[in-house]
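S.K.:
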């Protein structure tokens, strides 16, 4: 089977690697290099780097709606287009090119968590399980008929890094099984129930600011979900302080949310509903991560103060 692949981040690599070993990958689309870091140096996507290393034909179009892109895909005549975290909505005219259509590997159990940040939103919401879904793509975002699903549990200690790694491998397996079903003629389509759908909107920097009026479990879930971006943080005496690691406690207190309760080997902050969040490690902007005890040696956090 001749497959054309579309993907961009590291998450997409296990799928492309598996497809490259089993099928005939005739080409790859990935997003163009982007300026990054303090020097704003242009960085190639993980998929571009993989394609270069493995001598795959790759392209980095800025626009999928132009005649040049359409002509390229029509000339290559793929049997199937596989998409994993490409980051660009695929125009309908491209979806109609392959004889088997276009399939997408989405990192959620659809119809739950359609959209840009399904893994982060699942962890943030405290979901006990997640997974991946292969679907036949249509012009609307993540709404197409479902073809195959695989799921995993989200453990209490799992953060976004753990789940990203697990789901990147699981998505590759899911898509390979989906392709085998398509080839054998055993593929079944299940229409998504829009009434059960939820939307995983893109993360913003502002969401990382902790609201101590939430209970400590909600804050813990946010910390796990935002580990890569945007992080979780609070302000104290004009400093922005990022929480690197912490844990929720069920602990009765009579203080206002945001009140510093203890500053010993760890830092405990009052939250709502008789809960406390214990900070084990943290960092100031531009500084390295340190334990709470090390942080307190150089920073005077006062018990009874209220942080925001």
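Numbering (our numbering), first residue to last: 28 to 335.
No residue lacks a Cβ here, since even glycine has one placed at the ideal position from N, Cα and C.
(1) Which of helix, strand or coil does DSSP assign to residue 261?
(2) Do residue 90 and the ligand SAH come close, with the Cβ less than 8 angstroms from some heavy atom?
(3) For residue 187, which residues from the same chain have a beta carbon less than 8 angstroms from its beta carbon, with the 5 sequence-adjacent residues on both sides left out?
(4) In terms of DSSP beta bridges, what is residue 302 paired with?
(5) Helix, strand or coil for residue 226, going by three-state DSSP, please let me know.
(6) Please go through the stretch 107-183 and give each complete beta strand (DSSP E) segment of 3 or more residues, from N-terminal end onward.
(7) So, under 8 angstroms CB-CB, residue 243 and residue 289 are touching, yes? Tell me the CB distance rounded to an integer number of Å.
(8) Starting from residue 330 and walking both ways along the beta strand (DSSP E), at which residues does that stretch end?
(9) Once DSSP output is grouped into helix, strand and coil, what is the label at residue 220?
(10) Rank 266, 265 and 305 by C-alpha distance to the C-alpha of residue 276 and give the top, closest one.
(11) I believe residue 191 touches residue 174 by the beta-carbon criterion, under 8 angstroms. Please report the beta-carbon distance rounded to the nearest angstrom.
(12) Among 218, 203 and 217, whose alpha-carbon lies nearest the alpha-carbon of residue 211?
(13) Would you please state the rounded distance, in angstroms, between the beta carbons of residue 121 and residue 97? I believe it to be under 8 angstroms.
(14) Any chance the stretch 105-119 sits against the stretch 31-49, with 3 or more Cβ pairs inside 8 angstroms?
(15) Does the distance from the CB of residue 193 to the CB of residue 179 come in under 9 angstroms?
(16) Only counting the same chain, and skipping five residues up and downstream in sequence, which positions put a Cβ closer than 7 angstroms to that of residue 160?
(17) Helix, strand or coil for residue 40 per DSSP?
(18) Just list the residues that DSSP pairs residue 52 with in beta bridges.
(19) Could you tell me the alpha carbon to alpha carbon distance between residue 220 and residue 266, rounded to whole angstroms?
(20) Considering only C-alpha positions, which residue in the set 125, 166, 297 and 60 is nearest to residue 240?
(21) Determine the closest residue to residue 225 out of 170, 76 and 55, with distance taken between C-alpha atoms.
M.R.: Concretely, from the data shown:
(1) Residue 261 carries a strand assignment under DSSP once its states are collapsed to helix, strand and coil.
(2) The ligand SAH is absent from the structure shown, which contains no ligand whatsoever.
(3) Non-local C-beta neighbours of residue 187 in its own chain, meaning closer than 8 angstroms and more than five positions away in sequence, comprise 146, 147, 150, 251, 252, 253, 254 and 255, ordered along the chain.
(4) According to DSSP, residue 302 bridges with 277.
(5) The DSSP-derived three-state label of residue 226 is strand.
(6) Listed in chain order, the complete beta strand (DSSP E) runs (minimum 3 residues) inside the stretch 107-183 are 107-111, 129-133, 156-163 and 173-180.
(7) Contact flag wrong, Cβ pair sits at about 14 angstroms.
(8) Segment: none, residue 330 is in no beta strand (DSSP E) and carries neither H nor E.
(9) Correct three-state label for residue 220: coil.
(10) Selected option, being the one with the closest Cα: 305.
(11) Actually they do not touch by this definition, with Cβ atoms about 22 angstroms apart.
(12) Looking from the CA of residue 211, the closest CA among 218, 203 and 217 belongs to 203.
(13) With a Cβ gap of about 7 angstroms, residue 121 and residue 97 count as contacting.
(14) Yes, they touch.
(15) In this structure, residue 179 lies closer than 9 angstroms to residue 193 by Cβ.
(16) Within the same chain, 133, 135, 136, 137, 173 and 176 come within 7 angstroms of residue 160 by CB-CB distance, once the 5 residues on both sides are set aside.
(17) Helix.
(18) BP columns for residue 52 point to 30.
(19) The straight-line gap from Cα to Cα measures roughly 46 angstroms.
(20) When only C-alpha atoms are compared, the closest one is 297.
(21) Of the listed residues, the one whose Cα sits closest to residue 225 is 170.
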